Each structure stands twice: as structure tokens, then as C-alpha cells.
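Taken in order, these protein sequences are the chains called L and P.
As numbered in numbering that gives the first Met the number 0, the first sequence has no gaps in its residue numbers, which increase by one up to the final residue, 446.
As numbered in numbering that gives the first Met the number 0, the second sequence has no gaps in its residue numbers, which increase by one up to the final residue, 301.
We put the beta carbon where it would ideally sit given N, CA and C, even for glycine.
Because the structure is a prediction, the values reported are computed rather than measured.
The block underneath contains the structure these notes are about, expressed in C-alpha cells.
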Amino acid sequence: MNARSRRLMRPAALAGVLALGLTACGSGDDSGSGGGDAAPVDTAAALEKGGEITVWAWEPTLEQVVADFEEKYPNVTVNLENVGTSNDQYTALQNAIAAGDGVPDVAQIEYFAVPQFAISEALADLGPLGADGLDGTFSTGPWGSVHSGDGVYGLPMDSGPMALFYNEEVFAEHGVEVPTTWDEYLEAARTIHEKDPKAYIANDIGDAGFTTSMIWQAGGQPYQVDGTDVTIDLAGDEGTTTFTEVWQQLVDEDLLAPVGSWSDEWYQGLGNGTIASLTIGAWMPANLESGVPQGKGKWRVAEMPQWEAGQHATSENGGSSLAVPAASENAELAYAFTEYATTGEGASTRVENGAFPATTADLESEEFRGAESEYFGGQKINEVLADSAANVVEGWQYLPFQVYANSIFNDTVGQAYVSGTTLTDGLAAWQEQSATYGNGQGFTVNK
Amino acid sequence: MTAVVAGADVRPLRRSRRRWTGWMFVGPFMLVFALVFLAPIAYSLYLSVFRTQMVGGTTFVGLENYAQALADPQFWDGLGRVTLFLLVQVPIMLGIALLVALAIDSGRLYGKSFFRISIFLPYAVPAVVAALMWGFMYGTRFGLVGNLNEALGVSLPDPLSPDLVLASIGNIVTWEFVGYNMLIFYSALRVVPHSLYEAAEIDGAGQWRVVTAIKLPAIRGALVIATIFSIIGSFQLFNEPSILQSLAPNAITTSYTPNLYAYSLSFSGQQYNYSATVAIIMGLITMVIAYVVQLRGMRKEP
């Protein structure tokens, strides 16, 4: 569970140029129907012929998908291997690709890491294999995330549109209304902490995924990537400033619990009401149910607070795709499995087992939207979450070396949480160190 | 004539066979030695003269990585931190270990074996488990520190804040290794002949005089060895900060110690070449300092 949550906590990355990607899809070939089952002829032949493929993934719901797939296509054998979560798997994958041996046919790759693999030409372009025909199958955020340049380098497996998860009991106890804007959120934070000095509206000790998602929602576009030309502008970006203006006040007034997410203290805090809300991706309900059983019936979901009243803007937080490494010797079969697992039947199976879908068909289905969650006091939480998926702000891009940038977030921005440094200064330091790394890796950053 | 010819024939044959026999004995060791000890060092050296980029691939850069590391403030900050740690924590730890060893050796302690085993016990706890355990105790909200705050109505400083975290790590390391060093000192003290103590007693020497004039000089070698181990241990500081990092990511940066820096470079940054360079430089510095200490420690010996 913990491993899974960590994975989900990683930021979703909008790989590649979203605008470019969408244009490319729009002009894609017309052979695809846009439906999940429109597999081109060669894929069908490959499935008939059969063979063996290896899948590297840590997503637990894939087990059932593999079993179903093997039953449906008896000639195909799928070896599902968990070689580690997130970074561990990427290291193994990079090593395998470098060695040219033992490369899997399908690999789970988080959105924020897709550009890294795509740019080093480690992944196959799935467009010609049939992904070009899937335009409209997935919601725009994740679909944009798997594009890099003109290519499609993965199929979205799940998504994490953000929402406000809150403990209704604590909010009611202190007479706090559910905030609809971040200004109201700040007020609510003050009220809660004032009435109960042990309680906080949220926890935050500096989290790269959260911060970038917040800047994303505020309309910021601090990262611009065009091939190997990269611009990082956290200092002058308007969305970033919008975010820091409010968040700096929360930090200065000690209104955020100094507890790291996914720690034992965090789970305890969520359970005993001292952490009263979470602004996080839509994959959170399953984690709350398993990690915070004592919160049953108390938690609710609301739309993410807005930067301007009346808006309905959201952003993505976490999620991953299935990609086919370029070195796969069985790319057609690998693609066939990828499509099965991410669309149609496979996607439905995974949703039944608790994954949050990236497919529009599932997001819009009455059955999905209408499901009442017992944990959330009978609330139809998927309505809120699916609406959030539709309202994701377009145009966000992550860095092609976001994995490293995120790893040094606490070295730089994190200092604002424990010393006199401001978030703005911290972000400037983050920008500088990220740029240094990028230039050292052969990109042209801020030049 | 024939004898001379025969002799000339035989001698090189015998010599070569002898040479071969020697290698037969040394060979297996040399093979394992080369594979296990030399190959990793050679591979690190090889890695450190290349640079692999996400864009542009691998290129030979000569000593550029070394130049970069020597001018890298993050590396020097980390080295400064472990040096401070070495100067403060090691004397404290060895001092406590020495005191305990002398106390147990004095024979005036009841329950000698109980103390010996209980002080040694923390060393048997894996470092990762120890760091986790202390991490929980340091917690100001739900940990031991938090409980103390609540029970006594006080507000203890956060042991995991940036200012205190190095001291907190020092506390963990001291707890772990006092027993180990105590055992080194104690075993050295055990081999001091008792006749010396008796002679000193006859000469009218007090306990303190016995300690300074007999016991300490007798275990000088053990003191030097323990100091060298501690220096190496301090420079290799990794487990404790790495475990505590998840609890205090803002206080323990990715370049907190040189080893942690090398680890982050390689696992988060995929900069294997630069990481190998940092590791090699760190190894050299450790070797030099340990060697200097050894020379100084042994010099005054009669």
C-alpha cells in the first residue's frame, strides 16, 4: 500500500508539448474509431499468433488484468514482474536499456518520467501501432502527458485530478465552511488552528509534486520544453507568485502541520482529526479507506479551492502510463496488451479494483459517477472527482529531468519551511540547481 | 660435460616449476583479491573519467569530474559536516567507551557481565533499525519527545530541526558504537599482566596512577585502532541520516554527508560518473587522514 501511495504521490507529468501533442492527435489518421477496441489488423494477428511478453509494473490491479488477458488470448503468455516502485524500476529499466539485454516489453512509467525516457529514445512511438486512433479515449490531462513531440509514448493507465478531501466532523466542530477559494482556505486554516492549537487544516513540509500541481492549477507554466531547449522560470511565473502569496502566509503563521505525507504521524493525524484536510489526487479514497479506517464516515470530497471565485480550475497530481520500450522484440503484442489494460475491458476491471480511470468512457459512465462511497458517508465522490478530471488546466509541462528536480526540492524550497528563507527564494534556488543539472545533462536550460 | 649440459637443462626447468608452484598457492587468493577488491576500484576509476548525459550520450572527459567535485560547494559542505561530527562525536564516544571499559576492568563493579553485555547490546541492533527506533523517539508530535512534552508540560526543542539534527545523529551513533569500542578497550585491558598492578600497589600507586601509568599506555594500540575505525565510520556516515531523511527532509539535504551525496547523485540523478568521482575522492581523503592518525598514534611508542 505504502509503495503504491508513494508512487501515486509523485507528480503527474505532462510530458511533451501538450499543444503540439493535441495537434498531432487531431491530424492523426482516421482509421481509428476512437473506441477502445479498434485494434489494427496487425495487432489482431499478433494476438492470434501469440507469444510471450514481459511486463514491469507495480500497479496491483494489473494482476487481474493479466489473468483475464491470458484467458481471452490463450496463445499469449504475460510475465508480470514487479521490479520495484518508481525510481527503483526506472533505474532497473535504464540499466537494462543501456545493457541492451533483459528489457521488458511493457513498462509502467509515471507521467512525470515519460519525457525522460521519450527524449532518450528508450520508448517506442505507439502512434503507428494504433495509439493514433485512441484520440478522445482518455481525458485530456493524462493523454497530453503521454505525448512528447509528435509521438505517443505510452497509454494512460490512471490519473489523479485533484480535489479537496476534508474531515467533515472537524470542520463542523469548529464551524468552518468548506472553502471554495484559497483565501477562504487560509481563513479556515486560521480558525481551525486557533480553536484547537493541535489541529491543522493540512500538513506540508515541502512536497515537489504538491507544489507543482498547485502552480499548475494557478495557471502557471514555469517549465517550457521544446526538444532539448528548456526554460525554467519559477521566479517570474505569475501562477507561481499566485501560489506563494497565499502559501507563504500559511507557512509563516504555522498553519500547516509539520508532518511528512505517508509517514506514521501523517496517518495518525488524518485519523485523529489533527490534519483536517488534504488537497490531493483522485486516487486518494482507496488509500484513506485502507490507511485511515477510523476516518470512516467522517471524510468528504469537495472541489479543489479556486484562486479566483467562480472558477473551476484543477490540476493533476500523480498517475502513470504503460509504455513499450523501443528495445522490445515483440512490440505489436506488447502494444496489444497495453491497449487491453488501459482501455475497454482491462480499464473497467482496474476501476472495479479501486484504480481511478483515465478513460473518458469510465469517467462519464453513470455507474461510475453514481457509485456511493460508504467511507465518505454515502457521498457520490466520483462525481466530484470526474468533474475535476474534466477541468484540468491545459498547457502544463514538466521538465524532462523532473525526477532529479523533485529529489532536490527539499534541499531548496524545503528550507522555507524550517528557516527564515521565503518560498520565493527557495523556488529561485530550486530553479538554479535544476538548471545546472539540466545543462550538465546536455539540455539547453535558460540560455 | 654431460653433467654440465644436464645441469643447464635441469636448472631452468626447476626454477620455472618452483615459480609455478608458488602461483598455485597464491593464485586462488590473487584471483579472488583481484575480483573482489581491485576490480570495483578499477571500475570506479574507469567510470570517473567519463560523463554520461541524457542528451549526447557518453564522452571521455579525463579529470573534469575531479575538477568539478573539488569545486563543488555541496561536496565540501558535506565533508565539513562529517569533519565536525568526527571532532565532536568521536572523542565523546571513545571517552565513554574507555570509562566503561576501565570501570568493568577495575573489578569493583557488581554485575560486571551484565553491564558488559547490556552496553554491547546496541551494537547488535542493525544500524537501520537503530536509526528508525531513534527516529520514532525524536518525534515531537507522537514520539517520545512529544510524550515528554505532554507529560511534563514543557516544550523541548525538536531534535530533528536543522540546528539539532547533527547532534541527534551523533547521539544515535554514540549509542550504537560505545559498546563496540568498549569491547576493544576491555579486551586490550584484559591482557595486561596483573603482576604490574601488584607491583604498582607495593610502590604505593593509587588507582588513578595505575590507570594513567599502566593501563592507558598498555592499550595505546587499541586506542589508535578504535580511533581509526571511528574516523572511517564518521566519514562514511550514511545509514542514520538516510533513514532520518524521510522524517526530516528539510533538515537533512541530499548532500548532507559525502556518502549520501554520492548516493543521491547516482540514484536520483543518474550521474554515476560524478558519483564515482565523489566516492573516490572521499575514499582518498579518508585514507590520508586515517594514515596520519596511525602515524601520529604509533610515533610516541617506545
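Query	Result
Proximal chain P residues relative to F442 of chain L, where beta-carbon distance stays under 8 Å	M53 and V54
Those runs of the alpha helix (DSSP H) which lie wholly inside the segment 82 to 112 of chain L and span at least 4 residues	86 to 98
Secondary structure of M161 of chain L, DSSP reduced to three states	strand
Interfacial residues, the segment 406 to 421 of chain L to chain P, with Cβ spacing under 7 Å	S406, I407, N409, D410, G413, Q414, Y416, V417 and S418
Check whether T278 of chain L and L163 of chain L have beta carbons under 7 Å apart	yes
Endpoints, the alpha helix (DSSP H) within which R140 of chain P is located	Premise fails: R140 of chain P is in no alpha helix (DSSP H) and is neither H nor E.
Nearest-angstrom Cα separation, counted from L188 of chain P out to D104 of chain P	7 Å
Where A166 of chain P falls: helix, strand or coil (DSSP)	helix
Backbone CA spacing between V65 of chain L and G159 of chain L [nearest angstrom]	23 Å
Chain-order list of residues whose beta-carbon lies under 8 Å from that of E63 of chain P (same chain, five-residue window excluded)	R50
Proximity to Y72 of chain L [Cα-Cα], best of L:A45, L:T84, L:A97 and L:N94	L:A45
Which of helix, strand or coil DSSP assigns to A96 of chain P	helix
Closest Cα partner of A225 of chain P within the set P:G145, P:V209, P:Y185 and P:L83	P:Y185
Length of the line joining the Cα atoms of G77 of chain P and W142 of chain L	42 Å
Backbone secondary structure at Y109 of chain P - three-state DSSP	coil
Rounded separation between E338 of chain L and V224 of chain L - CA only	28 Å
Any alpha helix (DSSP H) of 4 or more consecutive residues that is wholly inside the segment 318 to 356 of chain L	330 to 341 and 343 to 351
Exposure label - N316 of chain L; buried when at least 16 CB within 10 Å	buried
Contact between the segment 242 to 258 of chain P and the segment 411 to 422 of chain L (3+ Cβ pairs under 8 Å)	yes
Sequence-distant residues of the same chain with beta carbon closer than 7 Å to A198 of chain L, five excluded per side	V169, I191, H192, G272, T273 and A275
9 Å Cβ cut-off: residues of chain L touching F119 of chain P	The contacting residues do not exist; F119 of chain P stays about 30 Å from chain L at best.
Residue environment, F242 of chain L, which counts as buried when at least 16 other CB atoms sit within 10 Å	buried
Best match in P:M53, P:I280 and P:S241 for proximity to D117 of chain L [C-alpha to C-alpha]	The amino acid occupying residue 117 of chain L in the given sequence is Ala; Asp does not appear at that position. The residue with the shortest Cα to Cα distance from A117 of chain L is P:M53.
Reference A123 of chain L; option with closest CA among L:T136, L:V145, L:G135 and L:G132	L:V145
Sequence-distant residues of the same chain with beta carbon closer than 6 Å to S327 of chain L, five excluded per side	D104 and A333
Cross-chain neighbours of S267 of chain P in chain L, by beta carbon under 9 Å	N86, V402, Y403, N405, S406 and I407
Three-way DSSP call (helix, strand, coil) for I256 of chain L in this model	The sequence shown places Ala at residue 256 of chain L, rather than the Ile named in the question. If DSSP states are grouped into helix, strand and coil, A256 of chain L belongs with the strands.
Nearest-angstrom Cα separation, counted from G232 of chain P out to F28 of chain P	27 Å
One or two residues paired with R299 of chain L in a DSSP bridge	L:Y165
Residue burial classification, A355 of chain L (beta-carbon count within 10 angstroms, cutoff 16)	According to the sequence displayed, residue 355 of chain L carries Phe and not Ala. F355 of chain L is buried by the Cβ-count criterion.
C-beta neighbour in chain P for Q396 of chain L, strict 7 Å	no
Cα-Cα separation, L182 of chain P to L294 of chain P	24 Å
Stretch pair the segment 203 to 222 of chain P + the segment 71 to 87 of chain P: three plus CB contacts closer than 8 Å	no
Within-7 Å CB hit, T227 of chain L to chain P	yes
Any chain L beta carbon closer than 7 Å to R140 of chain P	yes
Among L:N81, L:Y110, L:A43 and L:D182, the one whose alpha carbon lies nearest that of E307 of chain L	L:D182
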